[in-house]
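Report on the structure given below.
Right, here's the structure in full:
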């Protein structure tokens with residue numbers, strides 16, 4: 001069995017098309033098909049349902065894909081470990097983040113890249129929490145930044161980073177903009193733009209509105225926190241945004257950010273990696289950075305505020 005054969009099987013599982021899988025692996029389609037046929041002979045099980053076109057993997061093939069992911073991830077982890085021992089950490093680290101926490105990721109990638117100049121970092125910042133956890137388990141990510149809630153099981157190691165709390169972002173002309181606080185019930189009566197219901201950040205907000213006995217009726221939904229700021233700027237909307245995003249954008253001219261109370265809520269956000277040994281050397285290095293970086297303090301600093 002060759003690593004190349006397992007790579008071909010993973011590509012076929014991902015692309016679900018022989019020609020696209022071959023293109024992704026930079027080989028001809030006949031070469032990919034022949035390599036998979038030889039893998040089937042060696043394992044003595046059918047892996048691919050073949051017809052006039054690709055019809056999917058067999059149950060045995062789906063199971064072998066899981067093993068292939070693990071074997072190839074262990075191979076890559078071994079190479080990274082050896083490279084780190086020889087000349088320092090190098091290669092590519094993959095981080096996934098929920099949109100509401102993507103502003104915090106830069107607090108980790110900056111010191112990480114300074115400590116490991118040979119590493120390239122790839123950040124995917126528009127992921128749902130469930131997809132982050134799945135891709136960590138499937139060796140498709142090295143680390144994630146997401147909510148530390150009950151769906152983060154014992155199969156993961158976590159490092160708390162900060163407590164996400166919320167402000168009502170609205171135009172300066174709005175009556176609530178002159179207040180020092182606003183309630184969730186008051187916010188629910190405004191023309192809100194919000195994150196989409198598929199996102200955990202939206203589900204967190206829905207829970208908080210429900211605790212206040214309120215039910216907002218947003219007329220506009222988006223998967224981008226930056227888009228919330230853009231829509232509030234038009235003067236037609238208000239939005240509930242994480243306070244941490246004020247560290248990125250500040251409070252734009254003509255807007256106000258009013259802390260939300262009743263309830264005054266905070267939700268933990270942290271770094272998540274898969275709990276496996278020896279695990280990814282990239283993930284271990286990022287964990288070391290997370291444990292020594294005061295992300296919470298950094299996110300409290302809002303551009304334009306006096307230095308405290």
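In UniProt numbering, the protein residues as written are 1 to 308.
Ideal Cβ placement from N, Cα and C applies to all residues, glycine included.
From residue i to residue j, what distance separates their C-alpha atoms?
i           : j           : result
residue 37  : residue 283 : 35 Å
residue 92  : residue 134 : 19 Å
residue 269 : residue 2   : 40 Å
residue 195 : residue 57  : 36 Å
residue 222 : residue 277 : 38 Å
residue 71  : residue 17  : 23 Å
residue 319 : residue 115 : Given a span of 1 to 308 for the chain in the structure shown, any question on residue 319 remains unanswerable.
residue 273 : residue 176 : 41 Å
residue 4   : residue 15  : 16 Å
residue 198 : residue 155 : 23 Å
residue 24  : residue 33  : 14 Å
residue 308 : residue 127 : Here residue 308 scores only 40 on pLDDT, less than 50, and its place in the model is too uncertain to base an answer on.
residue 233 : residue 224 : 15 Å
residue 189 : residue 137 : 41 Å
residue 20  : residue 262 : 53 Å
residue 111 : residue 216 : 40 Å
residue 226 : residue 286 : 26 Å
residue 59  : residue 117 : 43 Å
residue 131 : residue 178 : 40 Å
residue 41  : residue 161 : 49 Å
residue 150 : residue 157 : 13 Å
residue 44  : residue 208 : 55 Å
residue 121 : residue 275 : 21 Å
residue 214 : residue 228 : 21 Å
With a 10 Å radius around its C-beta and 16 neighbouring C-beta atoms as the bar for buried, classify residue i as buried or exposed.
i           : result
residue 108 : buried
residue 67  : exposed
residue 253 : exposed
residue 295 : buried
residue 202 : buried
residue 180 : exposed
residue 292 : exposed
residue 186 : buried
residue 82  : exposed
residue 80  : buried
residue 182 : buried
residue 99  : buried
residue 103 : buried
residue 335 : Outside the displayed range of the chain (1 to 308) lies residue 335, so it cannot be described from this structure.
residue 256 : buried
residue 297 : exposed
residue 280 : buried
residue 78  : exposed
residue 164 : buried
Have a look at the DSSP bridge pairing and note the partners of residue i.
i           : result
residue 92  : 120
residue 195 : 222
residue 256 : 170
residue 100 : Looking at the DSSP assignment, residue 100 forms no beta bridge with any residue, so it has no partner.
residue 163 : 268
residue 309 : This structure leaves residue 309 out entirely; the chain is present only between 1 and 308.
residue 144 : 96 and 272
residue 318 : There is simply no residue 318 to check, as the chain begins at 1 and stops at 308 in what is shown.
residue 183 : 261
residue 157 : 273
Is the Cβ-Cβ distance between residue i and residue j less than 9 Å?
i           : j           : result
residue 113 : residue 119 : yes
residue 346 : residue 10  : In the structure displayed, the chain extends from 1 to 308; residue 346 sits before or after that span and is not available.
residue 168 : residue 242 : no
residue 35  : residue 54  : no
residue 61  : residue 13  : yes
residue 171 : residue 238 : yes
residue 73  : residue 139 : yes
residue 159 : residue 290 : yes
residue 142 : residue 75  : no
residue 101 : residue 145 : yes
residue 265 : residue 219 : no
residue 89  : residue 39  : no
residue 173 : residue 96  : no
residue 147 : residue 267 : yes
residue 129 : residue 69  : no
residue 271 : residue 240 : no
(request) Decide if the segment 247-256 is in contact with the segment 282-302; the criterion is three or more beta carbon pairs, one per stretch, under 8 Å apart. (result) The answer is yes - the segment 282-302 touches the segment 247-256, with three or more Cβ pairs under 8 Å.
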